[in-house]
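Take a look at the structure set out below.
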Amino acid sequence: GWGTANYCAMFPRNYIELLGVVDPGADSAGLADDLAARGEGAVRVALATDDASRTGELLAAAGFEPGALRDLGRALELPEGPVELRFRLVMLPARATAGLPMFLCEHRTPEHLRQPSWLRHPNGAASLAAATVVVDDPLATMPLYERLFGPGSTTSTDDTVAAHAGACALIFATTTDLEMLHPEVDFGAPKPLPHIAALRFAVADPPRTARYLADAGVRFTRGREGAVRVAPALAHGVLL
Numbered sequence: 008g009w010g011t012a013n014y015c016a017m018f019p020r021n022y023i024e025l026l027g028v029v030d031p032g033a034d035s036a037g038l039a040d041d042l043a044a045r046g047e048g049a050v051r052v053a054l055a056t057d058d059a060s061r062t063g064e065l066l067a068a069a070g071f072e073p074g075a076l077r078d079l080g081r082a083l084e085l086p087e088g089p090v091e092l093r094f095r096l097v098m099l100p101a102r103a104t105a106g107l108p109m110f111l112c113e114h115r116t117p118e119h120l121r122q123p124s125w126l127r128h129p130n131g132a133a134s135l136a137a138a139t140v141v142v143d144d145p146l147a148t149m150p151l152y153e154r155l156f157g158p159g160s161t162t163s164t165d166d167t168v169a170a171h172a173g174a175c176a177l178i179f180a181t182t183t184d185l186e187m188l189h190p191e192v193d194f195g196a197p198k199p200l201p202h203i204a205a206l207r208f209a210v211a212d213p214p215r216t217a218r219y220l221a222d223a224g225v226r227f228t229r230g231r232e233g234a235v236r237v238a239p240a241l242a243h244g245v246l247l
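The structure is reproduced here in structure tokens:
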């Protein structure tokens, strides 16, 4: 019943979701407002859980005051016909995440999304490895994410903080830190904080990824350490 639709790029342990408004007259769960206010880009983080109800109970017992459990569905169009994907979500309050929109997601029909042929990508991408989040005070995120993910889950380097969750990391940095990390990248006009400025993917063979992008006509640059970078202007507002 929502006015949104999506594409997903699936990996064995995580995924990215490309979400858009297809019916402006229907409820977009805030997406239309986000696009109008902030423009395109990465907007929220989903944390995997095997049992959203139990995780929500544990968070509530720890004083996080999570949102109510929500059962949701979305149609998936397959060659043999549509199937319904089922999810259970629990929203986290902004004060628990340093303002980063975040929710817990339990996939109840994973067999439909983790099809083997969908996990192999011609550009060599194997996993979402990290997201860089721009905040005013990275060090202030450490106690929040230590409480959320558990003791020892965060590390700091100077003013930059990494919070580790499963196979991924959330990297918290200031605008100045971001520019120092990626001095050759044009991030465009400043966005309201916090915002997700970059997504990092693990690839099997960076030169192969570069060859694929070149053959596909996608402009990119190579970092000193060999990383392949696609600028925000070419990737809907987020550095890849």
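In the numbering used here, the protein residues as written are 8 to 247.
Glycine included, every Cβ here is placed at the ideal spot set by N, Cα and C.
Since this is a predicted model, take the numbers as computed values, not measurements.
Query	Result
Under the three-state DSSP convention, the category Ala234 falls into	coil
Rounded separation between Arg61 and Tyr22 - CA only	23 Å
Distance CB(Pro201)-CB(Gly106) smaller than 8 Å	yes
Proximity below 8 Å, CB of Glu113 to CB of Ala59	yes
Length of the line joining the Cα atoms of Val168 and Asp34	36 Å
For Glu91, three-class secondary structure by DSSP	strand
Where the beta strand (DSSP E) containing Ala24 begins and where it ends	Note on residue identity: the sequence assigns Glu, not Ala, to residue 24. Per DSSP, Glu24 belongs to the beta strand (DSSP E) from 22 to 28.
Rounded separation between Arg215 and Leu247 - CA only	16 Å
DSSP bridge partner residues for Val142 (one or two, in chain order)	According to DSSP, Val142 bridges with nothing at all.
Assigned exposure category for Trp90 - 16 Cβ within 10 Å defines buried	Note on identity: in this sequence residue 90 is Val, with Trp being the wrong assignment. Exposed.
Cα-Cα separation between Leu120 and Arg231, rounded to whole angstroms	36 Å
Terminal residues of the alpha helix (DSSP H) in which Thr216 lies	213 to 223
Straight-line Cα distance separating Ala43 from Leu26	14 Å
Close-in-space but distant-in-sequence residues of the same chain around Tyr219 (CB under 8 Å, 5 per side omitted)	Pro129, Asn130, Gly131
Exposed unless 16 or more other CB atoms sit within 10 angstroms - verdict on Tyr14	exposed
Contact under 8 Å by Cβ, Thr116 with Ala205	no
Outcome for Thr161 when other beta-carbon atoms lying within 10 angstroms are tallied against a minimum of 16	buried
Inter-residue Cα distance where the pair is Gly74 and Gly244	29 Å
Ala49 and Ile203 closer than 8 Å at C-beta	yes
Opposing strand residues paired with Thr164 [DSSP bridges]	Thr167
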